[in-house]
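K.L.:
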Amino acid sequence: MRIYSEEYRMGTFETLTTAPVKDWQVVLSKFAGVLIFYCILWTPTLCSFAVFQYITGKTAANAAGAYLGTYLLLFLMGGFYISIGCLASALTKDQINAATISFTTITLLLFLGFLPDIMNIPPGNPGYVFVCFSDSAHAGFSKGLIDSRPIIWYLSMTVLICYLTLQVFQYRKWKA
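Under our numbering, think of the first position of the sequence shown as 7, with each following residue one higher.
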């Protein structure tokens with residue numbers, strides 16, 4: 007949450023905007039840096055498969071498609087959530103506000119799919135469109151079923167949110 011808000015707070019935003027790089031390169035490099043760190047955080051889970059095989063003598067990945075699908079979904083969802091965090095950080099000068107905006111947005115996206123069940127909206131009703139925006143609708147990856155619809159959804163939403171972050175970054179650059 008401090009990816010941009012810390013730049014504003016510390017007064018290094020002007021230094022960042024006067025560097026000989028383009029704005030989209032700044033936004034993309036900050037996003038990529040956080041995404042790479044997010045992927046590095048997976049290494050203990052990847053090492054657990056090797057430890058399991060060493061201890062038991064059996065492979066843990068009986069269904070490799072399920073594991074690969076789960077990691078692909080984690081990567082796509084992580085990229086989308088990171089882009090939301092970048093946008094929230096670019097919108098505010100305080101990282102606590104950015105964290106609150108990110109947490110609220112991600113929580114709403116997680117539970118939006120349960121809204122039709124709570125309100126008894128049948129499938130086919132226009133109100134059922136909330137399920138399309140929810141993360142709970144993309145559960146097939148953990149079964150090893152890799153579908154192109156969630157991949158396109160997460161990639162397009164990540165690109166859209168990163169583009170909005172670029173617009174906010176450029177607005178703040180010209181405002182300052």
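Positions of the beta carbon are idealized from the N, C-alpha and C atoms, including for glycine.
Please name the residue in Trp159, Leu22, Lys181 whose C-alpha comes closest to that of Ser35.
P.N.:
Leu22
K.L.:
Which residue marks the beginning of the alpha helix (DSSP H) containing Ile9, and which one marks its end?
P.N.:
Premise fails: Ile9 is in no alpha helix (DSSP H) and is neither H nor E.
K.L.:
What is the residue span of the alpha helix (DSSP H) that Trp159 lies within?
P.N.:
154-181
K.L.:
For Ala104, which residues of its own chain have a beta-carbon under 6 angstroms away from its beta-carbon, when the five flanking residues on both sides are left out?
P.N.:
Met7, Ser11, Ala94, Ser95, Thr98
K.L.:
Taking contact to mean at least 3 C-beta pairs separated by less than 8 angstroms, is the segment 160-171 in contact with the segment 27-43?
P.N.:
Touching, yes, given that three or more Cβ pairs across the two stretches are closer than 8 angstroms.
K.L.:
Count the other CB atoms, across all protein chains shown, that sit within 10 Å of the CB of Met125; report buried if there are 16 or more and exposed otherwise.
P.N.:
exposed
K.L.:
Kindly indicate the opening and closing residues of the alpha helix (DSSP H) around Ile61.
P.N.:
49-62
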